[in-house]
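Numbering (this note's numbering), first residue to last: 112 to 246.
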């Protein structure tokens, strides 16, 4: 079975809780990603901010772009250990209706796994089961 550490993106792009929404949005644009993990000074994940958070919690509510990320980040953060299986990552994502899952080792952020990574890994795995001589 494939492990999360083999399919995750690393390093995850992070931002400090005191960063502004403007800075976070800029960082997402520059990195061409849809989310940032908010970490403390020991690289422990505290929350996540996504494009959707910025639209719904900032733009739609008329908040200023200098609002700190910590005021709008999602703090009910689900994480997964890098040694867990891709199957477990899929189950966590499905159970909590999320598309991104921060990956940790000893509570420190090591990467991020997205739903597209899980789908791709499961597709490759099922193809190799059906066509073992071609993989």
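Ideal Cβ placement from N, Cα and C applies to all residues, glycine included.
Values in this document were obtained by computation on a predicted structure and should not be read as measured data.
Which of helix, strand or coil does DSSP assign to residue 176? Residue mapping note: residue 176 aligns to position 65 of the chain shown, counting from 1. Correct three-state label for residue 176: coil.
Within the same chain, show all residues whose beta-carbon is closer than 8 Å to that of residue 183, passing over the 5 residues directly before and after it, in chain order. Here residue 183 is taken as the residue at index 72 of the chain shown, counted from 1. So the list reads 132, 160, 164, 165, 168, 169 and 174, once near-sequence residues are dropped.
Touching or not, the stretch 219 to 226 and the stretch 116 to 128, by the rule of three or more beta carbon pairs under 8 Å? yes
Sort 115, 231, 140 and 155 by Cα distance to residue 127 and report the nearest one. Stepping through the chain shown from its first residue, residue 127 is reached at position 16. For the residues 115, 231, 140 and 155, the minimum Cα distance to residue 127 belongs to 155.
Roughly how many whole angstroms lie between the Cα atoms of residue 134 and residue 188? Within the chain shown, the letter at position 23 stands for residue 134. Within the chain shown, the letter at position 77 stands for residue 188. So the two alpha carbons sit approximately 21 Å from each other.
Select from 153, 200 and 172 the residue whose C-alpha is nearest the C-alpha of residue 125. If you number the chain shown from 1, residue 125 lands on position 14. When each option's Cα is compared against that of residue 125, the closest is 153.
Following the continuous beta strand (DSSP E) through residue 225, name the residue where it begins and the one where it ends. Position 114 of the chain shown, counting from 1, holds the residue named residue 225. 219 to 225 is the span of the beta strand (DSSP E), which, as asked, contains residue 225.
Which residues in the same chain have their Cβ closer than 8 Å to the Cβ of residue 191, if we skip the five residues on either side of it in sequence? In the chain shown, counting from the first residue as 1, residue 191 sits at position 80. Excluding residues within five positions, the ones whose Cβ falls inside 8 Å are 115, 199, 200, 203, 212, 213, 214, 215 and 224.
So if DSSP puts residue 147 in a beta bridge, which residue, or which two residues, is it bridged to? Working through the chain shown from its first residue, we reach residue 147 at position 36. Answer is 160.
Taking all protein chains shown into account, decide if residue 197 is buried (16 or more other Cβ within 10 angstroms of its Cβ) or exposed. Numbered from its first residue, the chain shown carries residue 197 at position 86. Counting Cβ neighbours within 10 Å, residue 197 comes out buried, since at least 16 surround it.
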